[in-house]
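A.B. asks: Below you will find the structure I want to go over with you.
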Amino acid sequence: MGKIDLHIHTTYSDGSNTPKEIIDLAKIRDVSTISITDHDCVDGYIEIKDYAEQQGIELIPGVEISSRYEQYEIHILGYYIDVFNPVLLKCLSFIQKGRIYRTKQILHKLSQYGFPLEFDYVSKLAGNSGIIGRMHIATALAEQGYVSDYKEAFDVYLGQGKLAYVPKPTFSSEKIFKVINDANGISVLAHPGIINNDSLIPIFKSQGLQGLEVFYQYRNYINIFYYQQMAHKYGLIMTGGSDYHGTNRDIDAYGKISLDKKYLEELKLAHHQFIQSNRCLITESVHVKRPSNV
Numbered sequence: 001m002g003k004i005d006l007h008i009h010t011t012y013s014d015g016s017n018t019p020k021e022i023i024d025l026a027k028i029r030d031v032s033t034i035s036i037t038d039h040d041c042v043d044g045y046i047e048i049k050d051y052a053e054q055q056g057i058e059l060i061p062g063v064e065i066s067s068r069y070e071q072y073e074i075h076i077l078g079y080y081i082d083v084f085n086p087v088l089l090k091c092l093s094f095i096q097k098g099r100i101y102r103t104k105q106i107l108h109k110l111s112q113y114g115f116p117l118e119f120d121y122v123s124k125l126a127g128n129s130g131i132i133g134r135m136h137i138a139t140a141l142a143e144q145g146y147v148s149d150y151k152e153a154f155d156v157y158l159g160q161g162k163l164a165y166v167p168k169p170t171f172s173s174e175k176i177f178k179v180i181n182d183a184n185g186i187s188v189l190a191h192p193g194i195i196n197n198d199s200l201i202p203i204f205k206s207q208g209l210q211g212l213e214v215f216y217q218y219r220n221y222i223n224i225f226y227y228q229q230m231a232h233k234y235g236l237i238m239t240g241g242s243d244y245h246g247t248n249r250d251i252d253a254y255g256k257i258s259l260d261k262k263y264l265e266e267l268k269l270a271h272h273q274f275i276q277s278n279r280c281l282i283t284e285s286v287h288v289k290r291p292s293n294v
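For what it's worth, the numbering used here labels the leading residue of the sequence shown as 1, then goes sequentially.
And the structure:
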């Protein structure tokens with residue numbers, strides 16, 4: 001069995017590779033199981049599902065949804081979601097529109113600092129998906145010579161608390177956990193080490209969190225061991241992936257973080273049990289005995 005990478009982005013969000021290129025790269029890099037987890041979008045999975053099957057790549061339906069808890073922007077991964085669930089699609093549509101609104105606000109701020117960028121120009125960088133993100137603005141800033149690279153763009157202008165930062169319009173973490181669960185998905189907290197506030201984990205579990213992204217490209221591998229302990233402590237499943245964005249970040253990341261097969265099996269089991277539990281609840285509600293007439 002090849003490598004397992006459950007956190008990958010494509011051109012449908014802020015990655016540089018098309019979904020087809022992701023599948024082709026999987027063959028080259030000996031990756032046998034992947035999940036395309038684009039930001040607030042499932043179109044990449046839908047586009048490439050059949051091709052992945054033809055190439056012998058196991059493709060798990062996934063998404064990375066933006067949410068908010070107090071002052072924190074929280075990214076929640078959803079695995080084995082029903083990508084045609086109407087509640088999920090309505091939620092994603094709202095967030096996608098919020099991304100457009102946010103982009104226009106950021107561009108207005110940048111123009112005040114002497115860095116004019118046209119919305120249409122940034123939108124073209126996002127391609128056909130329409131999922132516009134800060135990475136596309138960073139690319140535009142670099143292409144126009146306003147910054148040396150995307151890192152400088154985030155460090156000075158686009159990162160949280162920086163000069164042109166604007167919070168993303170989205171839903172609460174509790175709402176997103178419910179949306180993922182309603183779409184029969186397993187919800188996983190993405191890169192908890194980046195959030196750097198572990199007191200949130202039990203709060204999120206009470207809201208519906210089912211797993212932690214333990215295996216990730218942390219600078220310090222002690223973080224992986226630490227979040228393994230946190231997952232055990234709170235009874236959460238463990239997942240992992242490279243958070244691959246292609247040339248927009250670390251071009252060699254794909255497949256670097258390979259999830260052990262046992263954790264993939266635990267994810268599959270958790271999903272199976274979750275589906276069975278939901279079916280039981282539906283069956284019970286249908287077969288509730290009506291009180292007999294006296």
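Each residue gets a CB set at the ideal place from its N, CA and C atoms; glycine is no exception.
Across the segment 38-58 and the segment 13-23, are there enough close Cβ pairs to call them in contact, namely three or more that are closer than 8 Å?
C.D. replies: Judged by Cβ distances under 8 Å, the segment 38-58 makes contact with the segment 13-23, as three or more pairs qualify.
A.B. asks: Taking the Cβ atom as the reference point for each residue, do ILE275 and ALA183 lie within a distance shorter than 8 Å?
C.D. replies: No, Cβ-Cβ distance for ILE275 and ALA183 is not below 8 Å.
A.B. asks: Would you call VAL87 buried or exposed, if buried means 16 or more other Cβ atoms sit within 10 Å of its Cβ?
C.D. replies: It is exposed - the Cβ of VAL87 has fewer than 16 other Cβ atoms within 10 Å.
A.B. asks: So for MET333, helix, strand or coil by DSSP?
C.D. replies: With the chain covering 1 to 294 only, the question about residue 333 has no answer from this structure.
A.B. asks: Do ILE176 and ILE76 have their C-beta atoms within less than 8 Å of each other?
C.D. replies: Taking 8 Å as the Cβ cut-off, ILE176 and ILE76 qualify as a contacting pair.
A.B. asks: Spell out a yes or no on whether the segment 49-60 and the segment 150-162 are touching, meaning 3 or more CB-CB pairs, one atom from each, closer than 8 Å.
C.D. replies: The segment 49-60, when compared against the segment 150-162, does not touch it at the 8 Å Cβ threshold.
A.B. asks: Taking the alpha carbon of ILE257 as the reference point, which residue from LEU189, ARG68, GLU213 has its own alpha carbon closest?
C.D. replies: Here the closest residue by C-alpha is GLU213.
A.B. asks: Between HIS271 and GLY145, what straight-line distance do the alpha-carbon atoms span, to the nearest angstrom?
C.D. replies: Cα to Cα, HIS271 sits roughly 47 Å from GLY145.
A.B. asks: For LYS3, list the residues DSSP reports as bridge partners.
C.D. replies: DSSP lists VAL31 as partners of LYS3.
A.B. asks: Just to confirm, does LEU125 get its C-beta within under 7 Å of one of the non-hydrogen atoms of the ligand COA?
C.D. replies: The ligand COA is not among the ligands present in this structure, which contains no ligands whatsoever.
A.B. asks: Relative to the C-alpha of LYS178, which candidate in VAL31, ALA126, GLY208 has its C-alpha closest?
C.D. replies: Checked all of VAL31, ALA126, GLY208; the closest Cα to LYS178 is GLY208.
A.B. asks: Provide the residue span of the beta strand (DSSP E) that contains ARG68, from first to last.
C.D. replies: Per DSSP, ARG68 belongs to the beta strand (DSSP E) from 62-69.
A.B. asks: Looking at C-alpha atoms only, which residue of THR247, LEU6, PHE215, THR10 is the closest neighbour of LEU59?
C.D. replies: For the residues THR247, LEU6, PHE215, THR10, the minimum Cα distance to LEU59 belongs to LEU6.
A.B. asks: To the nearest angstrom, how far is the alpha carbon of LYS20 from that of GLN54?
C.D. replies: Answer to the nearest angstrom: the Cα atoms are 12 Å apart.
A.B. asks: Measure the alpha-carbon distance for THR103 versus ILE137 and round it to whole angstroms.
C.D. replies: Rounded to whole angstroms, THR103 to ILE137 spans 8 Å at the Cα level.
A.B. asks: Is HIS232 buried or exposed, if buried means 16 or more other CB atoms sit within 10 Å of its CB?
C.D. replies: Per the 10 Å Cβ criterion, exposed.
A.B. asks: Taking the C-alpha atoms as reference points, what is the distance between SER111 and ARG99?
C.D. replies: Near 18 Å, if we compare the C-alpha coordinates of ARG99 and SER111.
A.B. asks: Using beta-carbon positions only, say whether ILE95 and SER173 come within less than 8 Å of one another.
C.D. replies: Contact: no.
A.B. asks: Is the separation between the beta-carbon of ILE180 and that of GLY78 shorter than 8 Å?
C.D. replies: In contact: ILE180 and GLY78 (Cβ atoms closer than 8 Å).
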